[in-house]
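Note that my numbering has the sequence shown beginning at 25, numbered continuously upward.
A short write-up of the structure that comes next.
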Amino acid sequence: ELEKQKMAMEELREKEGMRHALEIHRIKKEMIELRQQIELTFRKALMETDRLFQQKAFTSLDDEAKNSLLANAKLKEEIALQAMGHKNLNQRYEKQEEEIGELTVEIKTLNDAAEGHHQKVAGLKRSLSSYESRMADM
């Protein structure tokens, strides 16, 4: 009888332990979800506050300062565009330098081949001239 009660109590303790662990897991999961929601809400509120602050600050500026800020923004944009253009020009320049190097090698190879052909033609002309001289002597 005591053994049965002991087994029942141990089984109850295991069930209670499992229920407790699941409840702790559920609570932790809920805390994480709530923290994420709070962080998201805070980020949105912070961004909106920042936007309103910047808008209010811009509105409070005099016309000259507003024009200066707008001109500064345009200049920054222009600098960014020029930097991209400069980068593209450098890439194109490097590619052209590489192509010029390849063409220089190809031209040298062709010139060397032409010189070899020129020497062969000169040798053939000498042979022909020598042959014609011998034929004329006969």
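Even glycine gets a Cβ: it sits at the ideal position worked out from N, Cα and C.
Bear in mind the structure is a predicted one, so any value in this text is a computation, not a measurement.
Per DSSP, what kind of secondary structure is residue i in: helix, strand or coil?
{"i": "residue 108", "result": "helix"}
{"i": "residue 162", "result": "coil"}
{"i": "residue 25", "result": "coil"}
{"i": "residue 86", "result": "coil"}
Would you please state the rounded distance, in angstroms, between the beta carbons of residue i and residue j? I believe it to be under 8 Å.
{"i": "residue 90", "j": "residue 77", "result": "Actually they are not in contact, since the Cβ atoms of residue 90 and residue 77 sit about 16 Å apart, beyond 8 Å."}
To which residues of the same chain is residue i closer than 6 Å at the C-beta, ignoring the five residues directly before and after it?
{"i": "residue 130", "result": "none"}
Starting from the C-beta of residue i, find all residues in its chain whose C-beta is less than 8 Å away, skip the five residues before and the five after it, and write them out in chain order.
{"i": "residue 92", "result": "none"}
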